[in-house]
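Heads up: the protein sequence lines correspond to chains D and E, in order. Per the UniProt record's numbering, the very first residue in the first sequence carries number 1; after that it's consecutive. Per the UniProt record's numbering, the very first residue in the second sequence carries number 1; after that it's consecutive. Reading through the structure tokens given below for one structure.
2 protein chains.
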Amino acid sequence: MSPKPMTRPGGRSARVQESVHTAVRDLVSEVGREGLTVPMVAARAGVTPSTIYRRWGDLQELLSDVAVERLRPETDPADLGSLRADLDAWAEQFLDEMASPPGRAYIRDALLGDPDGSNAGRCSAYAAEQIDAVLNRAAVRGERVPDTDLVIDRVVAPIMYRILFRPGKLNTEYARELVANALRQL
Amino acid sequence: MSPKPMTRPGGRSARVQESVHTAVRDLVSEVGREGLTVPMVAARAGVTPSTIYRRWGDLQELLSDVAVERLRPETDPADLGSLRADLDAWAEQFLDEMASPPGRAYIRDALLGDPDGSNAGRCSAYAAEQIDAVLNRAAVRGERVPDTDLVIDRVVAPIMYRILFRPGKLNTEYARELVANALRQL
Numbered sequence: 001m002s003p004k005p006m007t008r009p010g011g012r013s014a015r016v017q018e019s020v021h022t023a024v025r026d027l028v029s030e031v032g033r034e035g036l037t038v039p040m041v042a043a044r045a046g047v048t049p050s051t052i053y054r055r056w057g058d059l060q061e062l063l064s065d066v067a068v069e070r071l072r073p074e075t076d077p078a079d080l081g082s083l084r085a086d087l088d089a090w091a092e093q094f095l096d097e098m099a100s101p102p103g104r105a106y107i108r109d110a111l112l113g114d115p116d117g118s119n120a121g122r123c124s125a126y127a128a129e130q131i132d133a134v135l136n137r138a139a140v141r142g143e144r145v146p147d148t149d150l151v152i153d154r155v156v157a158p159i160m161y162r163i164l165f166r167p168g169k170l171n172t173e174y175a176r177e178l179v180a181n182a183l184r185q186l
Numbered sequence: 001m002s003p004k005p006m007t008r009p010g011g012r013s014a015r016v017q018e019s020v021h022t023a024v025r026d027l028v029s030e031v032g033r034e035g036l037t038v039p040m041v042a043a044r045a046g047v048t049p050s051t052i053y054r055r056w057g058d059l060q061e062l063l064s065d066v067a068v069e070r071l072r073p074e075t076d077p078a079d080l081g082s083l084r085a086d087l088d089a090w091a092e093q094f095l096d097e098m099a100s101p102p103g104r105a106y107i108r109d110a111l112l113g114d115p116d117g118s119n120a121g122r123c124s125a126y127a128a129e130q131i132d133a134v135l136n137r138a139a140v141r142g143e144r145v146p147d148t149d150l151v152i153d154r155v156v157a158p159i160m161y162r163i164l165f166r167p168g169k170l171n172t173e174y175a176r177e178l179v180a181n182a183l184r185q186l
């Protein structure tokens, strides 16, 4: 479930979200995920449990919202001067982050407390925005570029599938092979 | 968690698994997933709740095991006389089954109650076995064939990614585009 209502930066709703998210992150590192309860999060965040239930549904949906927030990219993709270099660098970083133990835990949390798929959709939208930025920059340089959806199918999907379903090589060489396949037909 | 110990067909362990799985499937259709409890499943299956806890862990892990069993293919891939035709047909059927409402629910259940990833690994192994069968048959015919992992990356992964993360076209045309990309470099 997405946080609702939509938050206005600096408004009460945004402050509640910020304090609840911070409480979850702190408590997870203090007592672990297994020990976490909604009343515990509410007490730490200085809100009532019913504020949390009303806005997030239950603990798993709250953990999902926090996980998606952690999966939000913090910087624009690096500009290395060419489409190939930019996509290689982005794919390597994406693979490193997602395949790391915290990345795997966030992906799992994001999917688990997400009955309507909107949090998983936010994860995918973050990746699409980053790829869009790389492709737009390349188009401005005059390079030919593939569709964003094609890059998602050929680079993002295989990485996420291996993380979720199929243990296997998840290294720089693999990221580069996927990018090469995405750029093959240009 | 995988069922343990390993079952011998017709042995007590196999009979327990069969009766518990049947009880879960029947009760899910009678009372829904939300109303399900381990004691309810145990009573219907004629076993003690502790048998279930000992073997499956908790309800979510039991649901995951049942879901993986539902995702097990029941037939060998059709033999249509060529690699391309066989892979097209297999990919279309895989897409149809996984993207259907029951398929989506089973994939979700399989991932949720699966702390160590072994049930997700079984799902992936089922797909790999089917692809292996198609590729081996083509090799016997004298056709050149790609690696199984390449077909998983290029055909299975994008379908599963769209089901889990990114709503979008999941139709026959899409399945064929993915197969074409998997066979492009032969």
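Beta carbons: idealized from backbone N, C-alpha and C, even for Gly.
CB contact below 9 Å: residue i versus chain E
i: D/TYR161; result: yes
i: D/PHE165; result: yes
i: D/ARG144; result: no
i: D/GLY32; result: no
i: D/ALA67; result: no
i: D/ASN181; result: yes
i: D/SER2; result: In this prediction, D/SER2 has a pLDDT of 45, which is less than 50 and means its spatial position is unreliable; what the coordinates show is noted afterwards. With 9 Å as the cut-off, D/SER2 does not count as an interface residue toward chain E.
i: D/ARG15; result: no
i: D/ALA120; result: yes
Interface partners of residue i on chain B, CB under 9 Å
i: E/ILE52; result: Of the chains in the structure shown, none is chain B; the protein chains are D and E.
Any C-beta of chain D under 9 Å from that of residue i
i: E/GLY77; result: It is worth fixing the name first, because residue 77 of chain E is Pro in this sequence and not Gly. It does not: the Cβ of E/PRO77 has no partner Cβ on chain D nearer than 9 Å.
i: E/ALA157; result: yes
i: E/SER124; result: yes
i: E/ARG154; result: yes
i: E/ASN86; result: A quick correction: the sequence has Asp, not Asn, at residue 86 of chain E. Not closer than 9 Å to any Cβ of chain D, the Cβ of E/ASP86 fails to qualify, so no.
i: E/GLY117; result: yes
i: E/ALA133; result: no
i: E/ASP149; result: yes
i: E/ARG72; result: no
i: E/LEU170; result: no
i: E/LEU112; result: yes
i: E/ALA178; result: According to the sequence displayed, residue 178 of chain E carries Leu and not Ala. Closer than 9 Å: yes.
i: E/ARG184; result: yes
i: E/ARG108; result: yes
Expected contact under 8 Å - CB spacing of residue i and residue j to nearest Å
i: E/ALA42; j: E/ASP86; result: Contact doesn't hold; Cβ gap of about 43 Å is too wide.
i: E/CYS123; j: E/LEU71; result: 5 Å
i: E/LEU186; j: E/ARG154; result: Their Cβ separation, rounded to whole angstroms, is 12 Å, which puts E/LEU186 and E/ARG154 out of contact at 8 Å.
i: D/LEU112; j: D/GLN60; result: 6 Å
i: D/ALA99; j: D/LEU36; result: About 25 Å separates the two Cβ atoms, so there is no contact after all.
i: D/TYR53; j: D/VAL38; result: 7 Å
i: D/ILE152; j: E/ARG166; result: 7 Å
i: D/ASP116; j: D/SER64; result: That belief does not hold up - the Cβ atoms of D/ASP116 and D/SER64 are roughly 11 Å apart, past 8 Å.
i: D/THR172; j: D/GLU97; result: At roughly 13 Å, the Cβ-Cβ gap does not stay under 8 Å, so D/THR172 and D/GLU97 are not in contact.
Through-space distance from residue j to residue i, alpha-carbon basis
i: E/VAL68; j: D/GLU34; result: 25 Å
i: E/ARG108; j: D/ARG141; result: 42 Å
i: D/ALA120; j: D/ARG176; result: 25 Å
i: E/PRO158; j: E/PRO102; result: 19 Å
i: E/ALA78; j: E/LEU183; result: 18 Å
i: D/PHE94; j: E/GLU18; result: 42 Å
i: E/PRO146; j: E/SER82; result: 14 Å
i: E/MET160; j: D/GLU74; result: 27 Å
i: E/VAL16; j: E/ARG104; result: 27 Å
i: E/TRP56; j: D/TYR174; result: 35 Å
i: D/THR148; j: D/LEU135; result: 8 Å
i: E/ALA180; j: E/GLY32; result: 40 Å
i: D/LEU150; j: E/SER118; result: 30 Å
i: E/ALA14; j: E/GLU30; result: 24 Å
i: D/GLY11; j: E/ASP58; result: 42 Å
i: E/LYS4; j: E/VAL156; result: With a pLDDT of 47 at E/LYS4, under the threshold of 50, the predicted position of this residue should be treated as unreliable, though the coordinate-derived value follows. Near 28 Å, if we compare the C-alpha coordinates of E/VAL156 and E/LYS4.
i: E/TYR106; j: E/HIS21; result: 14 Å
i: E/ASP132; j: E/ASP76; result: 11 Å
Element boundaries [alpha helix (DSSP H), containing residue i]
i: E/PHE94; result: 83-99
i: E/ILE163; result: 157-164
i: D/PRO39; result: 38-45
i: D/GLU30; result: 12-31
i: residue 192 of chain E; result: Since the displayed chain E opens at 1 and closes at 186, residue 192 of chain E lies outside it and no answer follows.
i: D/VAL145; result: Element bounds for D/VAL145: n/a, residue is neither H nor E.
i: E/GLU69; result: 59-70
i: D/PRO49; result: 49-56
i: E/THR75; result: Here E/THR75 belongs to no alpha helix (DSSP H), and DSSP marks it neither H nor E.
i: D/GLU173; result: 172-183
Check: residue i C-beta below 8 Å from any heavy atom of the ligand NAD
i: E/PRO167; result: With respect to small molecules bound, the structure shown includes none, and the ligand NAD cannot be examined in it.
- [ ] Decide yes or no for the touch test of the region 111-129 of chain D against the region 20-33 of chain E: beta carbon pairs closer than 8 Å, at least 3 of them.
- [x] By the Cβ rule, the region 111-129 of chain D does not count as touching the region 20-33 of chain E, because fewer than three pairs are nearer than 8 Å.
Open item on the list: Would you call the region 48-59 of chain E in contact with the region 86-102 of chain E, where contact means no fewer than 3 C-beta pairs closer than 8 Å?
Closed with: Touching, no, given that fewer than three Cβ pairs across the two stretches are closer than 8 Å.
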